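S.K.:
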Amino acid sequence: MKHRTQKLSLLLVAVIVACGLIVTGAVGLWETLNHPEARTALDMRGDSVELDPGEVPVPAASSRAVPDTGDRLIVSSVGLDVPIGALDAVGGQITPPGFTSAYVVRNMGVDLADGEEGTVFLVMHSLRNGAVGPGNYLADVTTRRSKLAIGASVEAAGHRYTVTGSQLVPKASIAENATVWANTPRRLLLITCLERADGTPSTQNLIITATG
Numbered sequence: 005m006k007h008r009t010q011k012l013s014l015l016l017v018a019v020i021v022a023c024g025l026i027v028t029g030a031v032g033l034w035e036t037l038n039h040p041e042a043r044t045a046l047d048m049r050g051d052s053v054e055l056d057p058g059e060v061p062v063p064a065a066s067s068r069a070v071p072d073t074g075d076r077l078i079v080s081s082v083g084l085d086v087p088i089g090a091l092d093a094v095g096g097q098i099t100p101p102g103f104t105s106a107y108v109v110r111n112m113g114v115d116l117a118d119g120e121e122g123t124v125f126l127v128m129h130s131l132r133n134g135a136v137g138p139g140n141y142l143a144d145v146t147t148r149r150s151k152l153a154i155g156a157s158v159e160a161a162g163h164r165y166t167v168t169g170s171q172l173v174p175k176a177s178i179a180e181n182a183t184v185w186a187n188t189p190r191r192l193l194l195i196t197c198l199e200r201a202d203g204t205p206s207t208q209n210l211i212i213t214a215t216g
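Numbered by our numbering, the letters in the sequence shown go through residues 5 to 216 in order.
1. Taking the beta carbon of D202 as the centre, do at least 16 other beta carbons fall within 10 Å, making it buried, or is it exposed?
2. Can you give the beta carbon distance from G3 to D47, rounded, assuming they're within the 8 Å contact cut?
3. In this structure, how does DSSP classify A226 when only helix, strand and coil are distinguished?
4. Can you tell me where the beta strand (DSSP E) with P205 in it begins and where it stops?
5. Kindly indicate the opening and closing residues of the beta strand (DSSP E) around H163.
6. What would DSSP say about S105, mapped onto helix, strand or coil?
7. Could you give the uninterrupted runs of the beta strand (DSSP E) lying entirely in the region 112 to 140, keeping only those of 3 residues or more?
8. Taking C-beta to C-beta, are G139 and T99 nearer than 8 Å?
9. Who pairs with S66 in a beta bridge, going by DSSP?
10. In terms of residue numbering, what span does the beta strand (DSSP E) encompassing S80 cover?
11. Where W185 and T207 are concerned, what is the direct C-alpha to C-alpha distance, given to the nearest angstrom?
12. Rounded to whole angstroms, what's the CA-CA distance from S80 to A179? Just pull it up for me.
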């Protein structure tokens with residue numbers, strides 16, 4: 005069993021799950037910041053995307069991010085089937101570098117293989133303005149709620165979980181939410197942004213809870 009240590013006090017950390025938006029052509033923000041990986045940042049339809057203004061991407065090297073560990077996240081009820089990557093929270097930020105994978109957070113909770121001993125945290129982007137990320141399969145922007153019904157099946161790295169609920173948490177206060185970050189046995193958390201119907205930047209995270 006591999007328990008991960010919480011490297012920073014959650015009371016002092018502003019944990020951010022960043023969101024992206026669709027753009028045409030070059031990925032302006034990231035290229036301006038000279039992040040080479042941004043030149044190939046694509047959504048699930050192959051369109052270029054960028055982070056919201058003011059959200060600085062964490063370089064993949066800093067978070068030790070990999071886009072595909074060989075495992076998959078499958079939610080058949082909404083047609084989601086994507087690779088599971090992995091990353092570290094860095095400086096209090098959880099910012100997936102890619103827009104086509106779900107990422108397990110290595111230094112929070114437990115490893116995918118140790119789900120019976122603690123919480124597995126999977127984070128992913130939701131996108132707006134026509135772009136599609138894994139999180140778009142989970143969130144209903146119109147009703148501002150999860151698309152996953154209670155009892156829906158979620159498969160993460162071959163382990164089956166059952167959805168038990170969901171909640172919306174303001175990004176500004178998610179770091180202080182002890183319930184979210186509790187390392188509870190046999191729990192899976194899917195975390196993404198809840199986009200807004202008017203296309204303005206997201207202010208809330210959608211958190212879906214499942215147990216296995």
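C-beta atoms are modelled at their ideal positions from N, C-alpha and C, and glycine is treated no differently. Note that this is a predicted model, so its numbers are computed, not measured.
M.R.: In brief:
1. Translated into the one-based positions of the sequence shown, residue 202 becomes position 198. That one is exposed.
2. The structure shown does not extend to residue 3, since the chain is modelled only from 5 through 216, so no value can be given for it.
3. Here the chain has residues from 5 to 216 only, and residue 226 is not among them.
4. Along the sequence shown, one-based indexing puts residue 205 at 201. For P205, no beta strand (DSSP E) segment is defined, and its DSSP state is neither H nor E.
5. In the sequence shown, the residue the question calls residue 163 occupies position 159. DSSP places H163 in the uninterrupted beta strand (DSSP E) bounded by H163 to P174.
6. Against the sequence shown, residue 105 aligns to sequence position 101. Note: S105 maps to coil in three-state DSSP.
7. Complete beta strand (DSSP E) runs here, min 3: 123 to 127.
8. Position 135 of the sequence shown, counted from the first residue, corresponds to residue 139. Position 95 of the sequence shown, counted from the first residue, corresponds to residue 99. One thing to note: G139 has its Cβ no nearer than 8 Å to the Cβ of T99.
9. In the sequence shown, the residue the question calls residue 66 occupies position 62. Partner(s): none; S66 has no beta bridge.
10. Mapped onto the sequence shown, residue 80 falls at position 76. Per DSSP, S80 belongs to no beta strand (DSSP E) and is neither H nor E.
11. In the sequence shown, the residue the question calls residue 185 occupies position 181. In the sequence shown, the residue the question calls residue 207 occupies position 203. When the Cα atoms are used, W185 and T207 turn out to be separated by approximately 19 Å.
12. On the sequence shown, residue 80 is found 76 positions in, with the first residue counted as 1. On the sequence shown, residue 179 is found 175 positions in, with the first residue counted as 1. Using only the alpha carbons, I get a separation of about 30 Å.
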